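Colleague:
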Amino acid sequence: GPLPPPPPPPIPPSLSQTIPMIDFNVLNPLPLLLYKDGVRNIRKLATREDKHHIHKTLGILSVLSFVYRYGVVYPSTGTLGFDGSAFDWATMAVHTLLAFSSILFRVPAKRIEDKPMIIYEEYRQHAMVFTHRCFAVYALATLFPGAPTWAAPVVVALHHLMADYITKQHGNGNTAVRANSKKLKTSGFYRKIGLLYSYYQFLAIASHIVPNDRLADLGYNAIIAIQSSAFMMTLYRKKIIRGRTHMIIYSFCLFLSAFHIIRVQGLLVAGLTAAAFFTRITFRTNKYAIWTAFRLVLAAAIGLAGAGAA
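Position 195 of the sequence shown, counted from 1, bears residue number 195 in the working numbering, the numbering being contiguous throughout.
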């Protein structure tokens, strides 16, 4: 039979050295965001503790809620659309029940020092209290729109007193934000990120105690910070996402929420909140005294602005 065709001539070494070898793993961002078996590990989200899929169903509905409110309602209306409808109440109920349904799961009694991104008892109960704070602020704004201006600060203060009690019972004086900052203490970048996270917490409190026509929106708006963090921590513990993924997504959610707060409440509130935050971290002043002074200074500033306009 006919002879096979000769093989192609080899590439001269000098030419082969000029052709770069492409490492497609470098071009693929997923290994930087997910663990190697991250997609496969999604099945770990199904647990015997949640055998009726209550928590997972509420979680899926909550993610859809965030997508709808921030991705559909906000761009089209400029608000988050909370006007007291049955759908609004159902939305707030879903998020609140999600927080409380976490009681189904076993978590460490104390924060694990070298694993600060693992949910522990103090963190879980704080998430419940702060989510309920959001619900309470929404309910106050919806049911009692003419309530005195001191009502929302009192509602918020009661929730923070409960959070203080939880810390006394279960904590060691370190929050999840401070714990992560300490773990990453070698990096100035991560320390600054931790400070921004802490400032956001102050901004969220300010958004709940400052009078505003869209206070119901602001009640909902802080939930995305609470529940995105808990969700990312769960995905991290199940070895689905990497720590940097938590930081990216959580930071994005905080940016969304903070953008809405500053857009609705203005730079004056953001500036006074920054002053309150600086006072807290620099002088360790009692937080209740700080927020009382914050409200008094804000009221005086608004009064002066009104007098000037008149």
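Quick reminder that beta carbons are idealized off the backbone N, C-alpha and C, glycines included. Remember, predicted model here, so these are calculated numbers, not experimental data.
Can you tell me the Cα-Cα spacing of Q265 and K56, whole angstroms?
Modeller: For the purposes of this step, residue 265 is taken as the residue at position 265 of the sequence shown. For the purposes of this step, residue 56 is taken as the residue at position 56 of the sequence shown. In a straight line, the C-alpha of Q265 is about 34 Å away from that of K56.
Colleague: To the nearest angstrom, report how far apart A217 and L235 are at their CA atoms.
Modeller: As a position in the sequence shown, residue 217 is number 217, starting the count at 1. As a position in the sequence shown, residue 235 is number 235, starting the count at 1. Note on residue identity: the sequence assigns Asp, not Ala, to residue 217. Computed Cα separation, rounded: 28 Å.
Colleague: Restricting to runs no shorter than 3 residues, where is the beta strand (DSSP E) found entirely within the stretch 74–156?
Modeller: None, since the stretch 74–156 contains no complete beta strand (DSSP E) of that length.
Colleague: Do H52 and E121 have their CB atoms nearer than 8 Å?
Modeller: Within the sequence shown, residue 52 is the residue found at index 52, counting from 1. Within the sequence shown, residue 121 is the residue found at index 121, counting from 1. Their beta carbons are not under 8 Å apart, which means H52 does not touch E121 by this criterion.
Colleague: In terms of residue numbering, what span does the alpha helix (DSSP H) encompassing I261 cover?
Modeller: Stepping through the sequence shown from its first residue, residue 261 is reached at position 261. Looking at the DSSP string, the run of the alpha helix (DSSP H) that includes I261 is G243 to F283.
Colleague: What's the call for S181, buried or exposed, on a 16-neighbour Cβ count within 10 Å?
Modeller: As a position in the sequence shown, residue 181 is number 181, starting the count at 1. Note that S181 has pLDDT 49, beneath the 50 cutoff, so the model's placement of it is unreliable and no number is given.
Colleague: Counting pairs of beta carbons, one from the stretch 138–156 and one from the stretch 107–125, are three or more of them closer than 8 Å?
Modeller: No, because fewer than three Cβ pairs between the stretch 138–156 and the stretch 107–125 fall closer than 8 Å, the two stretches do not touch.
Colleague: Is A90 near the ligand HEM - that is, is its Cβ less than 7 Å away from at least one heavy atom of it?
Modeller: This structure lacks the ligand HEM; in fact it carries no ligand of any kind.
Colleague: CB H160 to CB N221, shorter than 8 Å?
Modeller: On the sequence shown, position 160 is the one that residue 160 refers to. On the sequence shown, position 221 is the one that residue 221 refers to. No.
Colleague: Does Y197 pass the burial test, meaning 16 or more other C-beta atoms within 10 Å, or should it be called exposed?
Modeller: The residue labelled residue 197 in the question sits at position 197 within the sequence shown. Buried.
Colleague: Alpha helix (DSSP H) containing V67: first to last residue?
Modeller: Along the sequence shown, read from residue 1 onward, the residue named residue 67 stands at position 67. Here the alpha helix (DSSP H) through V67 covers I54 to Y68.
Colleague: To the nearest angstrom, report how far apart I60 and H246 are at their CA atoms.
Modeller: For the purposes of this step, residue 60 is taken as the residue at position 60 of the sequence shown. For the purposes of this step, residue 246 is taken as the residue at position 246 of the sequence shown. Rounded to the nearest angstrom, the two C-alpha atoms are 18 Å apart.
Colleague: Can you grab the Cα-Cα spacing for the pair F278 / S101, in whole Å?
Modeller: Residue numbering aside, residue 278 sits at position 278 when the sequence shown is read from its first letter. Residue numbering aside, residue 101 sits at position 101 when the sequence shown is read from its first letter. Roughly 35 Å between the two C-alpha positions.
Colleague: Mind checking whether I205 and W291 have CB atoms under 8 Å apart?
Modeller: Translated into the one-based positions of the sequence shown, residue 205 becomes position 205. Translated into the one-based positions of the sequence shown, residue 291 becomes position 291. Contact flag set, yes.
Colleague: Ordered along the chain, which non-local residues of its own chain (more than five positions away) have a Cβ less than 8 Å from that of R106?
Modeller: Start at 1 with the first residue of the sequence shown, and residue 106 comes out as number 106. Cβ neighbours of R106 beyond the five flanking positions: E49.
Colleague: I'd like to check one pair, A301 with L268: are the Cβ atoms closer than 8 Å?
Modeller: The sequence position of residue 268 within the sequence shown is 268, counting from 1. The sequence position of residue 301 within the sequence shown is 301, counting from 1. Going by C-beta atoms, L268 is nearer than 8 Å to A301.
Colleague: Apart from the five residues just before and just after N41, which ones in its own chain have a Cβ nearer than 7 Å to its Cβ?
Modeller: The residue labelled residue 41 in the question sits at position 41 within the sequence shown. Excluding positions up to five away in sequence, the list reads Y35, K238, K239 and I240.
Colleague: Please name the residue or residues paired with L34 in a DSSP beta bridge.
Modeller: Position 34 of the sequence shown, counted from the first residue, corresponds to residue 34. Per DSSP, I241.
Colleague: Run through DSSP, which three-state label would A46 get?
Modeller: Taking the first residue of the sequence shown as 1, we reach residue 46 at position 46. Of the three classes helix, strand and coil, the one that applies to A46 here is coil, per DSSP.
Colleague: So what does DSSP say about A289, is it helix, strand or coil?
Modeller: Residue mapping note: residue 289 aligns to position 289 of the sequence shown, counting from 1. The answer is helix: DSSP assigns A289 an H, G or I state.
Colleague: Suppose the cutoff is 6 Å on Cβ atoms and the five residues either side in sequence are ignored; what does the same chain contact list for Y199 look like?
Modeller: Stepping through the sequence shown from its first residue, residue 199 is reached at position 199. So the qualifying residues of the chain are F277.
Colleague: Using a Cβ-Cβ cut-off of 7 Å (strictly less than) and excluding sequence neighbours within five positions of Y311, which residues of its own chain qualify?
Modeller: Limits of the chain in this structure are 1 at one end and 310 at the other, which puts residue 311 out of reach.
Colleague: Buried or exposed for E284, going by 16 or more other Cβ atoms inside 10 Å?
Modeller: As a working note, residue 284 is residue 284 in the sequence shown. For clarity, residue 284 is Arg in the given sequence; the question names Glu instead. Under this definition R284 is an exposed residue.
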